[in-house]
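Residue numbers (the numbering used here): 28 to 332.
Yeah, the Cβ is synthetic: ideal placement off N, Cα and C, and Gly gets one too.
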């Protein structure tokens with residue numbers, strides 16, 4: 028029996044799995060602020076479940092090191108030795124949440140994915156890329172060999188902003204564009220909030236501003252931001268060659284790419300690339316809220332521990 032968890036900055040989802048599958052009826056959701064630490068939450072879940080796991084696999088929205096991890100947007104840290112000793116698990120593995128999504132890709136069906144573009148060519152290659160635009164930004168390159176996923180670590184959000192994204196930002200925002208230095212500065216919830224505020228004069232959460240869909244200034248800002256995502260995705264296509272698919276996750280990606288601004292995204296994404304061959308990359312949004320749990324159920328816990 029394996030305990031699996033998807034720990035975000037605000038909420039945590041937990042379940043039990045066996046033989047690579049999430050066990051039906053075991054998924055539970057929790058609000059992180061209701062618990063002083065992850066161990067307390069885990070203990071409460073296992074008391075309700077009435078099970079003692081042999082393995083623990085945790086997907087974490089933050090940096091992961093061998094045996095240790097921490098959340099980026101909540102004051103929780105994770106120690107594999109402590110969890111193994113406290114709960115009797117022979118294997119305890121921590122993975123970045125995007126890496127867990129990479130392992131989940133084969134388990135996602137049509138109900139778990141939203142098509143964005145070029146999806147007629149899905150599944151014809153061995154390289155995929157998961158790109159998360161939510162509280163922060165990062166990517167996880169995925170290579171499929173012999174039916175096994177190799178999901179590579181990355182901190183792409185901390186790279187300097189590419190010039191083909193910085194240039195339209197400077198043209199649109201002027202001096203205010205100086206606040207955007209890294210990829211994550213633009214492509215994250217806070218980045219979207221700052222761009223919406225600069226272009227509309229409105230303050231508040233992005234979801235609240237975007238909800239006024241009929242307003243011309245909101246439409247313009249949303250289209251502009253979607254075009255920036257398109258430029259970024261074009262760069263990602265060249266950098267990682269994800270012939271099997273580019274999979275977006277996160278609240279920001281879903282809000283923008285399921286709106287009418289999807290056309291603005293595709294216009295920038297589909298601009299010609301400097302290659303002598305066509306690189307058709309199907310683009311999807313991961314809709315399945317249990318995707319990271321499915322990835323935790325499928326990966327090799329002994330290898331990741």
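Query: Name the two residues that bound the continuous beta strand (DSSP E) containing residue 298.; Result: Taken as a continuous stretch (DSSP letters only), residue 298 belongs to no beta strand (DSSP E), as it is neither H nor E.
Query: Skipping 5 residues on each side, what residues in its chain have a beta carbon closer than 8 angstroms to that of residue 149?; Result: Any reading at residue 149 needs caution, since the residue's pLDDT is 49, under 50, leaving its predicted position unreliable; the model's value is listed next. Result list for residue 149: 271, 272, 309, 311, in chain order.
Query: From residue 89 to residue 240, what distance separates their C-alpha atoms?; Result: 32 angstroms
Query: Mind checking which residues open and close the alpha helix (DSSP H) that includes residue 235?; Result: 233 to 237
Query: Going by CA-CA distance only, name the one from 102, 72, 123 that's closest to residue 326.; Result: 123
Query: Indicate the three-state DSSP secondary structure (helix, strand or coil) for residue 93 in the structure shown.; Result: coil
Query: Per the DSSP calculation, residue 157 is bridged to which residue(s)?; Result: 167, 274
Query: Run the CB neighbour count on residue 58, radius 10 Å, all protein chains shown included, and call it buried at 16 or more, exposed below.; Result: exposed
Query: Quick one: is residue 316 buried, meaning 16 or more other Cβ sit within 10 Å of its Cβ, or exposed?; Result: exposed
Query: Should residue 162 and residue 36 be called a contact, given that it needs their Cβ atoms to be closer than 9 angstroms?; Result: yes
Query: Please work out which residues of its chain come closer than 6 angstroms, Cβ to Cβ, to residue 213, disregarding the five sequence neighbours upstream and downstream, and give them in chain order.; Result: 207
Query: Are there 16 or more other CB atoms within 10 angstroms of the CB of residue 47, so buried, or fewer, so exposed?; Result: exposed
Query: Can you tell me whether residue 289 is helix, strand or coil according to DSSP?; Result: helix
Query: Would you mind reading off the limits of the alpha helix (DSSP H) that contains residue 41?; Result: Looking at the DSSP string, residue 41 is not in any alpha helix (DSSP H); the run it does join, the beta strand (DSSP E), is 38 to 45.
Query: Note the first and the last residue of the continuous alpha helix (DSSP H) segment covering residue 65.; Result: 65 to 76
Query: Here's the rule I'm using: 16 or more other beta-carbon atoms within 10 Å means buried, otherwise exposed. How should residue 104 be labelled?; Result: exposed
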